[in-house]
Every structure is written in structure tokens, then in C-alpha cells.
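There are 4 protein chains.
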Amino acid sequence: MSGPAAIDLNCDLGEGFGVWQLGDDEALLEVVSSANVACGFHAGDASTMRRVCGLAARCGVSVGAQVSYRDLAGFGRRFIDVDPGQLADEVLYQIGALEACARAAGTRVGYVKPHGALYNATVRHAAQAGAVVDGTRAFGLLPVLGLPGSELLAAAERAGLEPVAEAFADRGYTPAGTLVPRTEPNAMLHRAEDVTARALRLACEGEIVAVDGSVLRSPARSLCLHGDTPGAVELARAVRRELAAVGVGVTPFVPPGRCG
Amino acid sequence: MSGPAAIDLNCDLGEGFGVWQLGDDEALLEVVSSANVACGFHAGDASTMRRVCGLAARCGVSVGAQVSYRDLAGFGRRFIDVDPGQLADEVLYQIGALEACARAAGTRVGYVKPHGALYNATVRHAAQAGAVVDGTRAFGLLPVLGLPGSELLAAAERAGLEPVAEAFADRGYTPAGTLVPRTEPNAMLHRAEDVTARALRLACEGEIVAVDGSVLRSPARSLCLHGDTPGAVELARAVRRELAAVGVGVTPFVPPGRCG
Amino acid sequence: MSGPAAIDLNCDLGEGFGVWQLGDDEALLEVVSSANVACGFHAGDASTMRRVCGLAARCGVSVGAQVSYRDLAGFGRRFIDVDPGQLADEVLYQIGALEACARAAGTRVGYVKPHGALYNATVRHAAQAGAVVDGTRAFGLLPVLGLPGSELLAAAERAGLEPVAEAFADRGYTPAGTLVPRTEPNAMLHRAEDVTARALRLACEGEIVAVDGSVLRSPARSLCLHGDTPGAVELARAVRRELAAVGVGVTPFVPPGRCG
Amino acid sequence: MSGPAAIDLNCDLGEGFGVWQLGDDEALLEVVSSANVACGFHAGDASTMRRVCGLAARCGVSVGAQVSYRDLAGFGRRFIDVDPGQLADEVLYQIGALEACARAAGTRVGYVKPHGALYNATVRHAAQAGAVVDGTRAFGLLPVLGLPGSELLAAAERAGLEPVAEAFADRGYTPAGTLVPRTEPNAMLHRAEDVTARALRLACEGEIVAVDGSVLRSPARSLCLHGDTPGAVELARAVRRELAAVGVGVTPFVPPGRCG
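Protein chains in written order, with the working numbering: chain Z, 1 to 260; chain D, 261 to 520; chain B, 521 to 780; chain W, 781 to 1040.
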């Protein structure tokens, strides 16, 4: 094997709101190395944010700001044609709110990852990609986690922020390296062995196997696990177990913050 | 004259939301020395927060976090029986969001002042007063601005935060030192000369004249001007002018933050 | 047995919001006869409201407007000292919104029941009780479902609206007929047999057995089942089964609306 | 003159929210014949809605539901890629909420007009246009007010709803009959005489003069006045005065509802 001895596993966390819960934050924080914590715009109230940051701190998990459009009713899953200047300010606001929660919990915000429709938009929408980077840079020189080849990562690099590429643990890839659209049959990997094989191949070889069997080089340093699909926790644990079994470490791409 | 050579003038600012405006932030920032900036829970969107912080930085005005119940529809003017632990987290969230906006604008959050119904509640409601202090302390050792004799200032002092007392420029005081209820005739000072006399007397002598003419000692280090009443800007300017005319400086009780 | 041949079972439904779910609406609609449908202020988006109304229509279940304070973040569980005039208007707004959803789904809003903290407040808070009744009456002459002896039901009666008393299936009653506070040991009935016994006794004898064994007369025409506690669906089904076994019908206190 | 003896004037009203005001509802209700009342999704709280409906009822002004994306922070001015089924439900919800307020105020909702970005989207976005029509039709057979040639009016017609075309009092038209983009110099008519000439020509001749002087036939039965631009009230009054001076009546395209 020629690959790295370690990979990062990231997952969206803290996506409840008030009385409503989503996913099993506690269980997933024992598996992943980077937690994309919702900041209150698509999900996540202040108490959830502080609590999840505290759990992350105890687990040695890095905290990222999962910034979003302001859209609780739509869970941030609808494109909003928001003015880029305003979007940058809203990104700044969200990172700042999470940073306060993180510091109070003994950690820091270590990176930024856009959520949902904003993630999808910033793959191609240069103005919104630039806005996310502007808002991040106004906060500080944080790494930005996103899709390889995206406008977002290109804008981050131009702005002097570290771009960090990720791959998806449970999505099908086309031979061209793009995600198979969710409307098509091979969009999702449903079997645990396929997901763990994806993780191992990526961690050890830096490769992803596309739906036609062709092998793609991937710059991904982090693998995104979904936290809210059925069986998510079991699947995440299986991935972690298989990685451990072959001696691949699970390590955050940016070390967890320390505070206080 | 035996009094201090200077006093702080504070005012609520940044209380628009999206398309809606309230008060004249630019004009008032040329008059006051401390800006209580809304943090998005009762008013204030991210762009307004960043813009007002930038104006404050340019004017040498200190920025305070005007924390509130989560209540845009009621402008934070209704008591909400929120759980103290959750309230503390929401205070922390708001300060953090404003701090990010302030730092990006070249300044820092220098103090905390509760808004509206939360301000009123924390005069007597020990649990909510404690929650505001807990949330503030979780952020950092910031001074807390409030009513003399309030639970809020007592809790701040116990927690090691500097309590800063304020007086109101345009409210009638009873001989006992409490505010005349708004339902009574003498609740408000309407004439500019009464307001400026209040400011001068407080700044120079540390005294407030009650509605019956009796003279009260006041520990107030800051005088609160209202920004959203008719003629607010003219009144604020008159106060500042009269103070200048007798050589009383207008100086923030906590120096404006510097950043970057 | 001297009691009625039938009782109403009511339950809070449609209390998800966007991506977040709460309770099992489908299952509970096969058990209850009256659905208290959330109207968007503490929970319930437009699509959920319309869908739940459609299910209710198909199940022959009456639809009630579960009106609330405007408080998604707190799920309507915190008292808000809202102005009564404004509260009345918000009640009117919520009923109207639900009525449109109900009519589109082939049914109508048949009654009104306040939710959470508003329910609790209107037991003693005469101004807010009056506001709920005013808002309801501005919509139309709908029955109001609430606690026996409450200000709410008294205000409804004075205003010419039918007051309908309810009892709780799973709460302990003091010998004085009030609910045992949730902080005390006997606050909840946890065993299915106790809950079904409560339902049977109330339906057949019009009586409730208090925690000390004393027997209370109850004017309740409806029994409130909780939908979001663990095992809620099974418990509700057990109640329904036991009622059926002794020939007690489950019938809404107001017949389901018809539309279109 | 060959034209009609009357025209409708419509205007957006009730667009404050809580403490925030926008435009002068009272003054404009004395000028227009149709009030597009905000329904709480981009602006408009329940008390404002009820109050504006009451004023409209007293003035003989028809009430329309000014339905919007759910976006208070953006005032409904940003396109949101919301699912059409959900959008239809939200339209239904908004109309229902306004209908309750209108009925309580002695009137009824007489028509529907989308607001802001939803108005713009439904000119070409067939799915969202269809959603607005579906939501309206689920409520009842109300006329839909919109841009001539839009997908919205086409969808309304197909669904059996009366499509009502409007023109803009203060916008420049291209020779092709489209609006001059706001980024171009002739986008707005700034002079009162141009606006009143537009109103007279449309009312009397059914014609609009484009920016190059060419004359366009217009199917518009209603003229949209802006309520929140500087001098809006004076301009609206001038239009009404000029129409009266030549004997052109100002009459709603759908008669004001009666209730109670």
C-alpha cells in the first residue's frame, strides 16, 4: 500500500432545533474526526451548538462551522438567490456564534463547510462561493471543506484559505468524477461493504471506484458520512472499524482547537 | 463642581431588520460614546451589525452586545419565561455573532446590555439575571450595563464581571429612585432642557432630580439616550452640545476595542 | 354502568416542522377522534397541516386548531407576555390558515385548543384566556377545548362559544381535582393498565380516580392522549382497544367537518 | 376617447412587521381601489393584517392576498427554489390566514397577487407559477393579478381562475412591452406628470407609451402603484386626482368582499 496512514471522517451534527432532534450526535461523535456543526440558520439552536461542541471537545473531534442559507423551514436545502455581500455577512455571523459556543466548551472553530443548497450552489456559483470565502476570511484564516474542483475551493485558495477536498462515503461517482445525480439508480451506495471499501480505497490509495468500475484519483483528505440516513450510526461505526482493522488512522485534517 | 469631567452616553443601535429601518444609526453614532448593537434576536441582521460596528469603529464609539429574547415579531419587548440555561446559551450565541462582526469591522465587543423585556426582567428575576451573566461570562470578562440595584448588576459583580450602572436621560424618577411607570403622567421628560439638565447634573454632580424635586445620588456612569423616539437625534445632539459647553467630556466607560 | 356510551379521544398532531418529525401522525389518527393540529406558530408547516387534515378527513377524525404563542424555537412551551389584542389576532390568523388547509383537504376546523404554555397560561391568566376566545370568536362560533374550571372555558362560555372540558389520560390528579405537578412522583401514569382504567372510568362513570384513591366527578367530554411520549402509539391503541372491548364508542365531541 | 371609464389602482400594503413600519397604509388606502395585503411570509403580522383589512373595508377597497416566499429577512425579494408542492401549500396557508383577518374585519379576500421575487419568478418559472395557481385554487376560485404574458396568468387561465393583467405606473417599458431592467437609465418614471400620463393613457386608451415613444396596446385592467418609494403617497394622490379630473373612475377589478 502506498497511501496515507490516516484519513478524516466528517459528518453533519447538531442539526436538531429546539424540541426537534435529527441524527444521533453522541454516537457519531465517537466515530468521526470532524464535526460540521449547524450554526442556527438551517438547524441548531444555541444550546445544541454548545452541547455538541462540548462533546466534540471531549472526543478530540474538530469543530467546523456548517454555514447555511437562513432557512429553518427548508433546512437550508433550497437555493436562495441571496445577495453575495449579505451572504458573506451571514457566514461571518454564523461562524462567530459557533466560535463563542465552541470556546465556552473548550474548543475552537477549526474550519468552514457550507450546508445543503449552499454547498451545492458554491460548486458552480462563483459569486456565492466568493461570499462564503469572504465571510470566512473576515472571521479568520480557516480552512474550507468542499467538493474537489468546486468554485468554493478555488475561491478559498485565491483568498489564502486552505482548500480541503472531501469525498462522499455513500455516493456513486461517474467516470468523470462527478456525483451520480440522486434521480439515477446508482446514486447511493447502500451496502455497508461498498461504503467501507470506498473509505479504505480512498484512505490507502487516494482512489475512488466509479459506478462503471473505472478508478479515479481523488484529492480528498476527508470522507463525508451522512448522519441522518437509516442505519447511519452502524454504517459509520463499520467504516471506522474497517479502517482500524487495516491500520488506517482517523485523524482530523485540522487539529481540534484548544481553549481555556 | 465636584463631579467627573466626563460621562458615557449609550444608545440602542442597529435595530432595523432586513428592509425595515429603525432610528438613524449614522447620526446617533456621532453623538454617543457607547453603541448597544442589536444581535439578531429582537432586531439586527448580520449586514446591519457589521455596518454599525464599522461606523462605531470609525467614530471611536464602544460596541456593546444588546442581547435579547429570541423574538423578532415582538421586538424583544415581551417577557418570555425561557429556561435560564437556554437563555445563557442564547446570550453567548449573540455575543459571539456580534464579536465576529465587530472584529471584521476593526473593533471588539466591549460590554453587554440586555434589551427590552429582558432588561426589565433581569431587574428582579434572579434566574434570568444569572443567565445573562452566565452567558456573558462564558464568552469573557465583559462589563455588564444595567439598572442600579438590579439583580443583573448584583449577579455580574458576584461573577467577577464589572457592573456598570446607567441612568435614563428622558425618564422621570420617583423620590425612591425608581422609574416612574410609563402609565403615569411624569414618566417621560419631553423638553430638551430637562433632558440636558439631567445629563449635566448626572455628569457633574452624580445626581438625579426626581419628579418631586428631591435630589438623588446616582451611581450611574452612563446615560441612556433613546434612539427611536421622535426628535431623538436632535435631542441627543443637544445633550452632547450642552455637555461640551460646560467642558464635560463624552467618553465610553470601556474603551473602544481595537482589532486588526 | 350508568355512563355515556362514548367518549372523545384527542391528541396533538402535525407537530413536525420542515425536515423535523415529531410523533406518528398516521398511527395516531387511526386511534383518536379529534386531532389538535399545530398551525405553524409552535410547529407545523403548511404541507404538514394540509397532509394531516387530509388524513383526518379520511379517518373521520375532527380537526381542531392547536393555537400557540409564536415560538418555534421553544415549541410554544414558554409563557410569553404577549399583548392580548395581538394574541387574539394571532389566534385568528392560525385558525384561518388551518381552515384553508382543512377545506382543501375536504374537512373543516371544528374546534380550538391552545397549546403548551398558552394552554397553561389560560387556566388562570384571564386576559390571555379572553384573547384566545376573542380570536376564536372573530373566526366563528367554534367550541373551545380546555381544562375544567379554567379561565379559558369560563371566557368561552361568556362569549357564547361552547366550552368543552377534557381530562388527561396519563396525568395524576390530586384529590382537589388539579393535576399533580410534573416535579412530583405521581405526576404521570406510566402503566398502560392505569391509563386504560382512567379512560374507561371516565367514559363510563364520568369519574377520575385521584392519586390517593379518592374519586372525583369530572365534566370531561374528551380525553387527551399524548402523542410524543415513548410508546405513545401503543398506549393509545390499548386505550382504544379496551374501550371497544366494553362497548364504549370513540366519537368526536364535534362532528368532523365536511367540505367539497 | 374610446377607453374604459374606469381603472383599478393596486398597491402593496400592510408590509410592516411588529415594531417596524413600511409605507403609509392609511393614506394609500384612500387612493387605491385594490390592496395587496402582505400575509406574514415576507411582511405583515396578524394585527397589521386585520387592521389593514378593516381600513380597506371602510374605504371600499378590495383586499388581495399578497403571497410570498417565506423570507422575512429578505422581504421576499430573493428567489427561493422551493418545491412547487410546498409552495402551493404555503400559498394556501397565507390566503387562509388573510381570509380570517379579512372576514373578522368585515371583508373578504378577493384576489391573489404574488410578491417580489415570487412575482418575478412566476413570469417564466412554470412550476412555481403553477404552484401559486394550485394553492389559490385549493382555496377557491379567486382572480390572479399579474404580468401580461406571464406563466402565472397562463396557468391561472388554464386552471379556471380569472387572470387579471396589470401595468406599472412608474416603470419604463421597452418597445417589446417588457419592463426596462432596473439597471438601465429609463427603468423608472420619476416625474409625477409622466406617471399620471401613464395612468390616463392606460385607463382611457388601453395603451402604454414605451421609452422610445412607440405606443403599445396593453391588456392591463389594473395599475400598480408603489407604496414605499419616496413621495409615494403624493404621487398616488396625483394620479387619482388627474384621473378624476378627466372623469375616469377608480374601481376595483373585483368588488370588495362583504362579510357579517
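Here a beta-carbon is modelled for each residue, glycine too, at the ideal position from N, C-alpha and C.
_Along the region 273-304 of chain D, where does the CB come closer than 7 Å to a CB of chain W? Name the residues._
Going along the region 273-304 of chain D in chain order, one finds 277, 278, 279, 280 and 282 with a Cβ nearer than 7 Å to chain W.
_Please state whether the Cβ-Cβ distance between residue 106 of chain Z and residue 259 of chain Z is less than 7 Å._
By the CB criterion at 7 Å, residue 106 of chain Z and residue 259 of chain Z fall inside the cutoff.
*Buried or exposed: residue 252 of chain Z, going by 16 or more other Cβ atoms within 10 Å of its Cβ?*
Under this definition residue 252 of chain Z is a buried residue.
*Check whether the Cβ of residue 50 of chain Z lies closer than 7 Å to any Cβ atom in chain D.*
Closer than 7 Å to some Cβ of chain D, the Cβ of residue 50 of chain Z qualifies, so yes.
*asked:* Taking the alpha helix (DSSP H) that residue 395 of chain D belongs to, which residues open and close that run?
replied: Boundaries of the alpha helix (DSSP H) around residue 395 of chain D: 386-399.
*Taking Cβ-Cβ distances shorter than 8 Å, what residues in chain Z pair up with residue 592 of chain B?*
Ordered by position in chain Z, the residues that pass the 8 Å Cβ test against residue 592 of chain B are 17, 18 and 72.
*Establish whether the CB of residue 872 of chain W and some CB of chain E are separated by less than 7 Å.*
You won't find chain E in this structure, because its protein chains are Z, D, B and W.
*Please confirm if the region 155-164 of chain Z is in contact with the region 186-198 of chain Z, defined as three or more CB-CB distances below 8 Å between the two stretches.*
Counting C-beta pairs with one atom in each stretch, the region 155-164 of chain Z and the region 186-198 of chain Z have fewer than three that are closer than 8 Å, which means they do not touch.
*Would you mind working out which of D/481, D/360, D/471 and D/323 sits nearest residue 294 of chain D, comparing C-alpha positions?*
Selected option, being the one with the closest Cα: D/323.
*Residue-chain proximity (residue 76 of chain Z, chain D), Cβ-Cβ < 7 Å*: Chain D, which has no Cβ nearer than 7 Å to the Cβ of residue 76 of chain Z, makes this no.
_List, in chain order, every chain D residue whose beta-carbon is nearer than 9 Å to that of residue 85 of chain Z._
Listed by position along chain D, the residues whose Cβ is nearer than 9 Å to that of residue 85 of chain Z are 307.
_Own chain partners of residue 182 of chain Z with C-beta closer than 8 Å, once the 5 adjacent residues on each side are dropped_ = Excluding positions up to five away in sequence, the list reads 188.
*Is it the case that the Cβ atoms of residue 774 of chain B and residue 543 of chain B are separated by a distance below 7 Å?*
Cβ distance not < 7 Å, so residue 774 of chain B and residue 543 of chain B don't count as in contact.
*Note down, in chain order, every chain W residue with its Cβ under 9 Å from the Cβ of residue 80 of chain Z.*
Listed by position along chain W, the residues whose Cβ is nearer than 9 Å to that of residue 80 of chain Z are 849, 851, 854, 858, 859, 860 and 861.
*Could you check the C-alpha separation between residue 231 of chain Z and residue 27 of chain Z for me, to the nearest Å?*
Their backbone Cα atoms lie some 12 Å apart in a straight line.
*asked:* Can you confirm whether residue 884 of chain W, when its beta carbon is compared against all beta carbons of chain B, has any partner nearer than 7 Å?
replied: Yes, residue 884 of chain W lies at the interface with chain B (some Cβ there is under 7 Å from its Cβ).
*asked:* So, with DSSP's three-state summary, where would you put residue 166 of chain Z?
replied: In the structure shown, residue 166 of chain Z sits in a strand (DSSP, three-state: E or B).
*So is residue 617 of chain B in contact with chain W if we call contact Cβ pairs under 7 Å?*
It does: the Cβ of residue 617 of chain B has a partner Cβ on chain W nearer than 7 Å.
*Of the listed residues B/567, B/719 and B/684, nearest to residue 761 of chain B (C-alpha basis)*: Per the C-alpha coordinates, the member of B/567, B/719 and B/684 positioned closest to residue 761 of chain B is B/719.
*Can you give the Cα-Cα distance for residue 152 of chain Z and residue 38 of chain Z, rounded to whole angstroms?*
As the crow flies, the alpha-carbon of residue 152 of chain Z is around 19 Å from that of residue 38 of chain Z.
*Pick from W/796, W/958, W/822 and W/839: whose alpha carbon is nearest that of residue 828 of chain W?*
Ranking W/796, W/958, W/822 and W/839 by Cα distance to residue 828 of chain W puts W/796 first.
*Across which residues does DSSP place residue 797 of chain W in a beta bridge pair?*
The bridge partners DSSP lists for residue 797 of chain W are W/800.
*What span of residues does the alpha helix (DSSP H) with residue 934 of chain W cover, start to end?*
931-938 is the span of the alpha helix (DSSP H), which, as asked, contains residue 934 of chain W.
*Could you give the distance in angstroms between the alpha-carbon of residue 858 of chain W and the alpha-carbon of residue 663 of chain B?*
Residue 858 of chain W and residue 663 of chain B: Cα-Cα distance of roughly 41 Å.
*asked:* Once DSSP output is grouped into helix, strand and coil, what is the label at residue 503 of chain B?
replied: Lying before the first or after the last residue shown, residue 503 of chain B is absent from chain B, which here runs from 521 to 780.
*Counting only the same chain and skipping the five closest in sequence on each side, list residues whose C-beta sits under 6 Å from that of residue 140 of chain Z.*
Apart from the 5 residues on each side of it in sequence, residue 140 of chain Z has no Cβ closer than 6 Å to any other Cβ in its chain.
*Kindly indicate the opening and closing residues of the alpha helix (DSSP H) around residue 84 of chain Z.*
From DSSP, the alpha helix (DSSP H) with residue 84 of chain Z extends over 84-104.
*From B/727, B/623 and B/666, pick the residue whose C-alpha is nearest to that of residue 530 of chain B; which is it?*
Checked all of B/727, B/623 and B/666; the closest Cα to residue 530 of chain B is B/666.
*According to DSSP, residues forming a beta bridge with residue 584 of chain B*: As DSSP reads the structure, residue 584 of chain B sits in a beta bridge with B/556 and B/631.
*Length of the line joining the Cα atoms of residue 268 of chain D and residue 481 of chain D*: Spanning the two alpha carbons is a distance of roughly 6 Å.
_Using a Cβ distance threshold of 8 Å, determine whether the region 871-884 of chain W contacts the region 603-616 of chain B, with at least three qualifying pairs required._
Touching, yes, given that three or more Cβ pairs across the two stretches are closer than 8 Å.
_Taking the beta strand (DSSP E) that residue 406 of chain D belongs to, which residues open and close that run?_
Judged by DSSP secondary structure, residue 406 of chain D falls within the beta strand (DSSP E) whose first and last residues are 404-406.
*From D/315, D/305, D/372 and D/316, residue whose alpha carbon lies closest to that of residue 425 of chain D*: Out of D/315, D/305, D/372 and D/316, D/372 has the C-alpha closest to the C-alpha of residue 425 of chain D.
*Starting from residue 360 of chain D, find everything on chain Z with Cβ-Cβ shorter than 8 Å and list it in chain order.*
Near residue 360 of chain D (Cβ distances below 8 Å), the residues of chain Z are 92, 93, 95, 96, 97, 99, 138 and 139.
*Using a Cβ-Cβ cut-off of 7 Å, state whether residue 349 of chain D counts as contacting chain Z.*
The beta carbon of residue 349 of chain D sits closer than 7 Å to some beta carbon of chain Z.
*Out of curiosity, what's the CA-to-CA distance linking residue 19 of chain Z and residue 635 of chain B?*
The straight-line gap from Cα to Cα measures roughly 14 Å.
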